[in-house]
Each structure stands twice: as C-alpha cells, then as structure tokens.
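Here is the structure we will look at, set down as structure tokens.
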Ligand SMILES: CC(C)(COP(=O)(O)OP(=O)(O)OC[C@H]1O[C@@H](n2cnc3c(N)ncnc32)[C@H](O)[C@@H]1OP(=O)(O)O)[C@@H](O)C(=O)NCCC(=O)NCCS
C-alpha cells in the first residue's frame, strides 16, 4: 500500500535528499533547473511524497517562479524521483499528478517542467512552443513543458526566474 501525501519537512526532507542522492548523478546540481531552485524554496504543502512501509519511495517537489516582464506566477515541477526498487508502476506520475492537483487547488495558474515529453505528457504536460520560455542557462527546448492549472499555461512568455 502506497500513500501519496504532502511533504512534512521534519519527517521527509532528509529522506527526500537521500533519494535524490541515490537517483541523480553527480552532474545534477549543474543543471539549469537547479539554478532556479537555488533561489526559490519548494512548497511542502504542494510537494508530494509516496510513502511505503514508512519509507519515502517517491517524490515530486514544486517551486514558485515568475515568468517574463509581467512576472506571471507559475509553479516549477521537479525533481521527480522514484527509488530504483519501486520503479515500473509509474509512481513518479502518481506523485506528479497529485502535486498538479494540489497546485490547482491552491489557485496557481500554470505549471512548468523540464523533462522527458513521453513520460510527463502522460500527466498532462505539453511541450511549450519553441522560444516562448527562456531560462537563466542552457536548456534543450524539446524538454521544456507546461501544463494548465487554474489558468492558461499558453500565456506564459519570457525569462523564467526565481521570485
Ligand atoms: C523517471 C522515474 C521517476 C520514473 O519512474 P516510474 O514512475 O516508476 O516509471 P516507470 O518505471 O513505471 O516507467 C518509466 C517510463 O519512463 C521511461 N523513463 C525511464 N527513465 C526516465 C527518465 N529519466 N525520464 C523520463 N522517462 C524515463 C521508461 O523507459 C518507462 O517507459 P516505458 O514504460 O514506456 O518503457 C524514475 O526512473 C527515476 O527516478 N529516475 C531518476 C530521476 C529522473 O530522471 N527523474 C526525471 C526527471 S526530473
């Protein structure tokens, strides 16, 4: 039985960091996405963890960002990670879906994610029109995705930055 819950930092934060250490290679912190996360703080009430037998086996973290000169609010989804021994059941999609529902319920207009279109397309993300969103570092445009929450993700345009 797997429970999908909001993150309670006192209970889950260390285990989440441990999961990231196990799932992402050493190059992870050099990524453009990490430059954005560095200057933001994730939202525990919107983040989702998958708990099995008291252990954190999956996570989707979510970060507030602003987009373009209009400084439109948006949520940045990721990292998404599942412990290697728990893969194969699309658990990463389950935590991402739950975090999307939480973002929508909290009134956030739109979501942004950098990831594999085949995998994240299955939870509602679509590749953003090329050039619509830019980042404070190199980024493959084929992996830049957006999703409607309580508004229209298609309206997002410009440089994505920390608030
Ligand atoms: C990506 C990840 C969360 C998927 O785990 P999961 O939800 O259990 O997914 P499953 O194993 O059930 O299925 C994964 C599917 O995505 C593919 N996939 C594997 N690694 C992937 C990755 N890094 N990004 C996107 N898709 C991936 C698999 O080929 C599989 O496709 P298929 O079923 O059509 O063959 C997990 O592999 C992981 O934690 N990877 C390391 C961290 C990572 O790369 N996160 C994504 C970017 S933020």
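Residue numbers (our numbering): 1 to 163.
Heads up, the beta-carbon is just placed ideally off N, CA and C, and yes, glycines get one too.
Close-in-space but distant-in-sequence residues of the same chain around residue i (CB under 6 Å, 5 per side omitted)
{"i": "residue 2", "result": "50 and 52"}
{"i": "residue 67", "result": "74, 156, 158 and 160"}
{"i": "residue 45", "result": "6"}
{"i": "residue 108", "result": "75 and 149"}
Whole-angstrom distance between residue j and residue i, CA atom to CA atom
{"i": "residue 47", "j": "residue 39", "result": "17 Å"}
{"i": "residue 98", "j": "residue 4", "result": "7 Å"}
{"i": "residue 164", "j": "residue 15", "result": "Nothing about residue 164 can be read from this structure; the chain reaches only from 1 to 163."}
{"i": "residue 125", "j": "residue 41", "result": "22 Å"}
{"i": "residue 150", "j": "residue 9", "result": "26 Å"}
{"i": "residue 59", "j": "residue 91", "result": "9 Å"}
{"i": "residue 113", "j": "residue 144", "result": "6 Å"}
{"i": "residue 81", "j": "residue 70", "result": "32 Å"}
{"i": "residue 155", "j": "residue 56", "result": "35 Å"}
{"i": "residue 30", "j": "residue 100", "result": "26 Å"}
{"i": "residue 134", "j": "residue 146", "result": "13 Å"}
{"i": "residue 137", "j": "residue 19", "result": "25 Å"}
beta-carbon residue i near ligand 1 non-hydrogen atom, thresh 8 Å
{"i": "residue 107", "result": "no"}
{"i": "residue 87", "result": "yes"}
{"i": "residue 100", "result": "no"}
{"i": "residue 80", "result": "yes"}
{"i": "residue 115", "result": "yes"}
{"i": "residue 24", "result": "yes"}
{"i": "residue 139", "result": "no"}
Residue i, buried or exposed, once every other Cβ within 10 Å from all chains shown has been counted against 16
{"i": "residue 189", "result": "Here the chain comprises residues numbered 1 to 163, so residue 189 is not present and cannot be evaluated."}
{"i": "residue 12", "result": "buried"}
{"i": "residue 79", "result": "buried"}
{"i": "residue 131", "result": "exposed"}
{"i": "residue 22", "result": "exposed"}
{"i": "residue 159", "result": "exposed"}
Chain-order list of residues whose beta-carbon lies under 7 Å from that of residue i (same chain, five-residue window excluded)
{"i": "residue 122", "result": "93"}
{"i": "residue 148", "result": "110"}
Chain-order list of residues whose beta-carbon lies under 8 Å from that of residue i (same chain, five-residue window excluded)
{"i": "residue 76", "result": "33, 36, 37, 40, 62, 63, 64, 65, 111, 112, 113 and 160"}
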